[in-house]
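Take a look at the structure below.
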Amino acid sequence: MSVLKFFLFTCALGLGVTAGFAQSTIPLRREANVTLRLPEKPLVFGFTTERAFGSLRFTDPMVMVAPPGETNRLFIVEQRGRIAVITNLLNPTRTVFLDISGRATGGVPADERGLLGLAFHPGYATNRYFFVAYTTGTGGAAGRLARFETDPNDPNRALPNSELILIHQPDEASNHNGGDLHFGPDGYLYYSLGDEGGANDQFSNSQRIDKDFFAGILRIDVDKRPGSLTPNAHAAARTNSYAVPPDNPFVGVTNFLGRAVDPNRVRTEFYAVGLRNPWRMSFDRPTGRLYVGDVGQDRREEINLIVKGGNYGWNYREGLIAGPRATPAGFSHINPIFDYPRNQGVSVTGGVVYRGHRFSQLYGRYVFADYGSGNIWALLYDASGSTNVTRLAVDRDIVAFGIDPSNGDVLLADVGEDVVKRLVYSTNATGVPLPPLLSETGAFADLAKLTPQSGIVPYDINVPFWSDYTLKRRWFTVPDPVQKISFGRESNWSFPTGTAWIKHFDLEMTKGSPESARRLETRFIVRNSDGVYGVTYKWDAAQQNATLVPEDGLDEPLVIRDGGILRTQVWHYPSRSECLACHTPAAGHALGFRTEQLNRDFNYGSATVNQIRALNDAGYFDAQVTGVNALPVAAHLADSASSLEHRVRSYLAANCSQCHQPGGSALGQWDARFATRTAESGLINGALVNDGGNPEARTLKPGSLDHSMVLKRISARGPGQMPPIASTEVDVAGVALLSAWITNDLPKSRIFSEWQRVHFELNTAPNAGPADDPDDDGAPNYQEYLVGTNPLQDTDVWKISVERDGDKVRLKFPRIANRGFEVQFTTDAGDSLSWKALDVPGNRPFFSAASLTAAVEDSIPTVQAKYYRVRVFEP
Numbered sequence: 012m013s014v015l016k017f018f019l020f021t022c023a024l025g026l027g028v029t030a031g032f033a034q035s036t037i038p039l040r041r042e043a044n045v046t047l048r049l050p051e052k053p054l055v056f057g058f059t060t061e062r063a064f065g066s067l068r069f070t071d072p073m074v075m076v077a078p079p080g081e082t083n084r085l086f087i088v089e090q091r092g093r094i095a096v097i098t099n100l101l102n103p104t105r106t107v108f109l110d111i112s113g114r115a116t117g118g119v120p121a122d123e124r125g126l127l128g129l130a131f132h133p134g135y136a137t138n139r140y141f142f143v144a145y146t147t148g149t150g151g152a153a154g155r156l157a158r159f160e161t162d163p164n165d166p167n168r169a170l171p172n173s174e175l176i177l178i179h180q181p182d183e184a185s186n187h188n189g190g191d192l193h194f195g196p197d198g199y200l201y202y203s204l205g206d207e208g209g210a211n212d213q214f215s216n217s218q219r220i221d222k223d224f225f226a227g228i229l230r231i232d233v234d235k236r237p238g239s240l241t242p243n244a245h246a247a248a249r250t251n252s253y254a255v256p257p258d259n260p261f262v263g264v265t266n267f268l269g270r271a272v273d274p275n276r277v278r279t280e281f282y283a284v285g286l287r288n289p290w291r292m293s294f295d296r297p298t299g300r301l302y303v304g305d306v307g308q309d310r311r312e313e314i315n316l317i318v319k320g321g322n323y324g325w326n327y328r329e330g331l332i333a334g335p336r337a338t339p340a341g342f343s344h345i346n347p348i349f350d351y352p353r354n355q356g357v358s359v360t361g362g363v364v365y366r367g368h369r370f371s372q373l374y375g376r377y378v379f380a381d382y383g384s385g386n387i388w389a390l391l392y393d394a395s396g397s398t399n400v401t402r403l404a405v406d407r408d409i410v411a412f413g414i415d416p417s418n419g420d421v422l423l424a425d426v427g428e429d430v431v432k433r434l435v436y437s438t439n440a441t442g443v444p445l446p447p448l449l450s451e452t453g454a455f456a457d458l459a460k461l462t463p464q465s466g467i468v469p470y471d472i473n474v475p476f477w478s479d480y481t482l483k484r485r486w487f488t489v490p491d492p493v494q495k496i497s498f499g500r501e502s503n504w505s506f507p508t509g510t511a512w513i514k515h516f517d518l519e520m521t522k523g524s525p526e527s528a529r530r531l532e533t534r535f536i537v538r539n540s541d542g543v544y545g546v547t548y549k550w551d552a553a554q555q556n557a558t559l560v561p562e563d564g565l566d567e568p569l570v571i572r573d574g575g576i577l578r579t580q581v582w583h584y585p586s587r588s589e590c591l592a593c594h595t596p597a598a599g600h601a602l603g604f605r606t607e608q609l610n611r612d613f614n615y616g617s618a619t620v621n622q623i624r625a626l627n628d629a630g631y632f633d634a635q636v637t638g639v640n641a642l643p644v645a646a647h648l649a650d651s652a653s654s655l656e657h658r659v660r661s662y663l664a665a666n667c668s669q670c671h672q673p674g675g676s677a678l679g680q681w682d683a684r685f686a687t688r689t690a691e692s693g694l695i696n697g698a699l700v701n702d703g704g705n706p707e708a709r710t711l712k713p714g715s716l717d718h719s720m721v722l723k724r725i726s727a728r729g730p731g732q733m734p735p736i737a738s739t740e741v742d743v744a745g746v747a748l749l750s751a752w753i754t755n756d757l758p759k760s761r762i763f764s765e766w767q768r769v770h771f772e773l774n775t776a777p778n779a780g781p782a783d784d785p786d787d788d789g790a791p792n793y794q795e796y797l798v799g800t801n802p803l804q805d806t807d808v809w810k811i812s813v814e815r816d817g818d819k820v821r822l823k824f825p826r827i828a829n830r831g832f833e834v835q836f837t838t839d840a841g842d843s844l845s846w847k848a849l850d851v852p853g854n855r856p857f858f859s860a861a862s863l864t865a866a867v868e869d870s871i872p873t874v875q876a877k878y879y880r881v882r883v884f885e886p
């Protein structure tokens, strides 16, 4: 884990030793693999995506739109507050059109705030008006609808000081902002708004028309035409800036859902209500239909066809099923035209209807996607109300769709790559078909014994991902010995194209009986130029071979004998898009194949040695890895010698960090990476994007199991569960570990700022700073905090003793519970960059459960004097 500061103790000893090292046996020799028959890219026929504008990049693109009637310019909204324009689509370059990054708040990874919507006035060619929706911290957190003007002397530059605010709605939460803008065929402006955030409609907005501007779609008259109405007074509305169309559905309404409402307090701007987070919407111009993708909570994602006055059910309904609140008698709502469960995706991105002429098979179909799974679908909705949905392609991190004005192509905004993509069709099959049987993959020389082919290497990890009680075996290959892996001490490793990882799953049919284990599946992850792809093979009943699982995955009910009773466990074979939901670029694609997980011994047959050392000696890395004994190590949840905190952080890194980290797909702001210090991770008392209707809940709340959301979610199976896919069984041991940390250790632990207040009353008190040394004992405050000594008592010191035994030196010191200690050495104390970790077994990183005396022995020969120091650090 990372270190901010450390405690140093330095001594010098002349060792004068000239002994050499004994030549060790190399247990792992790198060999080529020429048998694996998994293609770099699987067979693709039909639709796929490609970059639309070469190397042009856009930071978190949110919207792609052209002004009315234009065919050679395209405007791209960037979430952090800028609008870029491609001034010539035939020769695309990026020009900044508007920069309000100083006003728009949010836009950081996994944040739903920022600059979210853009619509050009139908008369833009003459009046130069365009409208934006964004969140702002000016005057308090709020969602804002505003109008700007373009410079009359420069069509590619907006006037940032021309802002006219129409709506400025204070907002209690950071999520569910909606924020899409479109002018309809009627010339009115439509504005999508979420339910204000949190969970379960906790602010009670979704079924109210007489409160605030949330949970629906507004329709307003920005031209204030004759006959339009003055909006009802509301603190958020600049009622002199727009009007209400006279035929809006809630004008003059006195009753809503059987409850009397004051027509003078009704938000007559509403066109439709009962939406949770209508993130992206679009009009199909020939039909006038308004489609919206409404992001679900825990169970369903939905596509709605919006009609005037429609109530789409949230929070009584979620998709086609019941929502979090009981439906009242007589409640009437409009069902989505399509919804899908969480095994197909986690966050719908509303799309566009294709009206171009290049792809006749797509004409008139609504193209949309899921941000998490990457599924891209085409939906055909006919006049009878029936829908037909076809999956077109897979591409993750798609947050918006647009139309290329020059040719009608479908454009996609990819926030993972910060590019705009184009939906294209290949009439020629690309890639190579996948082997239909496991025996045909070339992975195993003996399938019955799962003996791998030459060049395919077994490995193990310290903390396995929870997989519903299965027993797992793992292998990897970098087939070409010329290709190398780039090592990272705390960061992701980088792998060459062609690298493959294999994981095999067994499950005991009688719990506790290894003899009853049945082979379930064997999975492959393959590194290619696009990232990775994943496939899995399902073992047959005879346990002799395995068959390629369909692209959409499948479920299999298994009958388990557990403690004398029979229970059914559903095993999920993942779809290929689900593989990508976890094997993310942010996580380095290969889960578990990293330093803290592989830093352990492995029996290679001829010898048992450290895996990283074996990989290094076999020539797998592009540079020599030194100091292996001092590399980070994750602790298994059953390792009682390690501190609870270290075990919890190891467990969360293995199970959560693929999504919960900067750049990850999770909305939560906490960081599960192993290298992130707990004090900086957002774990302890961290604010929640979704508090589940419990305002007291935090990411983890010391002493409170009921208010610790991470615990709640790993304890659940069903809506809101973690991990969100591929698990139907609760990890009882993981829940117990996290519960013990919350109840036993967290109430007693103190971060540095709390420690400061204990000793100095105020963090800003004189001599309270981390570098201050009020007792003049040579140890600054932060170092005293790390080792548990009193910063105001110079006799309370953390001591190191040094013993000499012939050619060996032994350093002894108190190993404080839940602190890391690393002995470093140099032969040149004047060179601050020459210090290195002592590469001996006793110096392995270790956060002990209890305080004890550490003894680190240096037996490495040298002919020079050595200087030593000890680094102390937090988990």
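Residue numbers for the sequence shown follow our numbering, so the first one is 12 and each next one is one higher.
Cβ atoms here follow ideal geometry from the backbone N, Cα and C, with glycine treated the same way.
Handout entry: Backbone CA spacing between G190 and Y202 [nearest angstrom]
Key = C-alpha separation (whole angstroms): 7 Å.
Practice task
Rank N216, D273, G205, G198 by C-alpha distance to the C-alpha of R236 and give the top, closest one.
Solution key: Sorting N216, D273, G205, G198 by C-alpha distance to the C-alpha of R236 places G198 at the top.
Handout entry: Pair within 7 Å by beta-carbon distance, G385 and V405
Key = Result yes, Cβ atoms of G385 and V405 sit closer than 7 Å.
Practice task
Determine the burial state of H368: buried for a count of at least 16 other Cβ atoms within 10 Å of its Cβ, exposed for fewer.
Solution key: Classification for H368: exposed.
Practice task
May I ask you to list the residues that DSSP assigns as paired with R402?
Solution key: R402 is bridged to W388.
Practice task
Out of I228, G630, V881, G92, point me to the one whose CA is closest to V303's CA.
Solution key: Of the listed residues, the one whose Cα sits closest to V303 is I228.
Problem - C-alpha distance - I87 paired with I97, whole-angstrom precision - result: Rounded to the nearest angstrom, the gap between the Cα atoms of I87 and I97 is 8 Å.
Problem - Status (buried if at least 16 other CB within 10 Å, exposed otherwise) for V493 - result: The residue is exposed, with fewer than 16 neighbouring Cβ atoms inside 10 Å.
Handout entry: Run of the beta strand (DSSP E) containing G362, from where it starts to where it stops
Key = That run of the beta strand (DSSP E) goes 359 to 364.
Problem - Backbone secondary structure at A641 - three-state DSSP - result: In the structure shown, A641 sits in a helix (DSSP, three-state: H, G or I).
Exercise for the section: Closer than 7 Å by C-beta to R724: which residues in its own chain qualify, once you throw out the five before and the five after it? Chain order, please. Expected result: Same-chain partners within the cutoff: G731, Q732, M733.
Exercise for the section: Let me know the secondary structure DSSP gives K723 once reduced to three states. Expected result: In this structure, K723 counts as helix in the three-state DSSP scheme.
Problem - Secondary structure of D628, DSSP reduced to three states - result: D628 falls in the helix class under three-state DSSP.
Exercise for the section: Tell me whether R68 sits in a helix, a strand or coil according to DSSP, three-state version. Expected result: Three-state result, R68: coil.
Practice task
Give a yes or no on whether the C-beta atoms belonging to D425 and I409 are separated by under 7 Å.
Solution key: Contact flag set, yes.
Exercise for the section: Specify the secondary structure class of I176 as computed by DSSP and reduced to three states. Expected result: Strand at I176.
Practice task
Please report how far the alpha carbon of M75 lies from the alpha carbon of L422, in whole angstroms.
Solution key: Rounded to the nearest angstrom, the two C-alpha atoms are 8 Å apart.
Handout entry: From E795, K810, S417, residue whose alpha carbon lies closest to that of L100
Key = Closest option to L100, Cα to Cα, is S417.
Practice task
Leaving out five residues on either side along the sequence, give the residues of the same chain with a beta carbon under 7 Å from the beta carbon of P735.
Solution key: Within the same chain, R353, V357 come within 7 Å of P735 by CB-CB distance, once the 5 residues on both sides are set aside.
Exercise for the section: Could you confirm whether any beta carbon from chain B is found closer than 7 Å to the beta carbon of R84? Expected result: Protein chains in the displayed structure number just one, and chain B is not present.
Handout entry: Cut-off 6 Å between Cβ atoms - residues of its own chain near S547, not counting five sequence neighbours on either side
Key = Residue identity differs from the one stated: residue 547 is Thr in this sequence, not Ser. Excluding positions up to five away in sequence, the list reads E532, R534, V560, Y584.
Exercise for the section: Starting from the Cα of Q635, find the closest Cα among F498, T689, V318, Q669 and give me that residue. Expected result: Minimum Cα distance to Q635 is reached at F498.
Handout entry: Buried versus exposed, by CB contacts within 10 Å (16 or more), S293
Key = Its Cβ being crowded by 16 or more others within 10 Å, S293 is buried.
Handout entry: Inter-stretch contact (C-beta, 8 Å, three-pair minimum) for the region 279 to 298 and the region 200 to 215
Key = Proximity of the region 279 to 298 to the region 200 to 215 meets the contact definition, three or more beta-carbon pairs being nearer than 8 Å.
Problem - Residue range of the unbroken alpha helix (DSSP H) whose run includes H657 - result: Counting along the chain, the alpha helix (DSSP H) containing H657 begins and ends at 655 to 667.
Practice task
Please determine, among P643, L655, K877, the residue with the shortest C-alpha to C-alpha distance to T687.
Solution key: Considering only alpha carbons, the answer is P643.
Handout entry: Given A683 as reference, the closest of N696, P475, Q669 once Cα atoms are compared
Key = The candidate whose alpha carbon is nearest that of A683 is Q669.
Exercise for the section: Under 8 Å by Cβ, that's how I've got F884 and G831 pegged, so tell me the actual separation to the nearest angstrom. Expected result: F884 to G831, Cβ: 5 Å. Contact.
Practice task
Can you give me the Cβ contacts of A411 inside the same chain, cut-off strictly under 8 Å, excluding the 5 residues immediately before and after it?
Solution key: Closer than 8 Å at Cβ, skipping near neighbours: P72, M73, V74, M75, R291, T360, L423, A424.
Handout entry: C-beta atoms of G65 and R91 nearer than 7 Å
Key = With a cutoff of 7 Å on beta-carbon distance, G65 and R91 are scored as not near each other.
Problem - Which of helix, strand or coil DSSP assigns to E691 - result: Three-state DSSP puts E691 in a helix.
Handout entry: Contact between the region 802 to 811 and the region 859 to 868 (3+ Cβ pairs under 8 Å)
Key = Inter-segment contact for the region 802 to 811 and the region 859 to 868 is absent: fewer than three beta-carbon pairs are separated by less than 8 Å.
Problem - Residue of T137, E313, T146, A271 minimising C-alpha distance to S112 - result: Measuring from the Cα of S112, the nearest candidate turns out to be T146.
Problem - Alpha-carbon to alpha-carbon, A333 and F506 - result: When rounded, the distance between both Cα atoms is 45 Å.
Practice task
Any chance you could list the beta strand (DSSP E) runs of at least 3 consecutive residues sitting entirely within the region 507 to 550, in chain order?
Solution key: Unbroken beta strand (DSSP E) stretches of 3 residues or longer found wholly inside the region 507 to 550: 511 to 519, 528 to 539, 542 to 550, given in chain order.
Exercise for the section: May I ask you to report which of helix, strand or coil DSSP gives S505? Expected result: Of the three classes helix, strand and coil, the one that applies to S505 here is strand, per DSSP.
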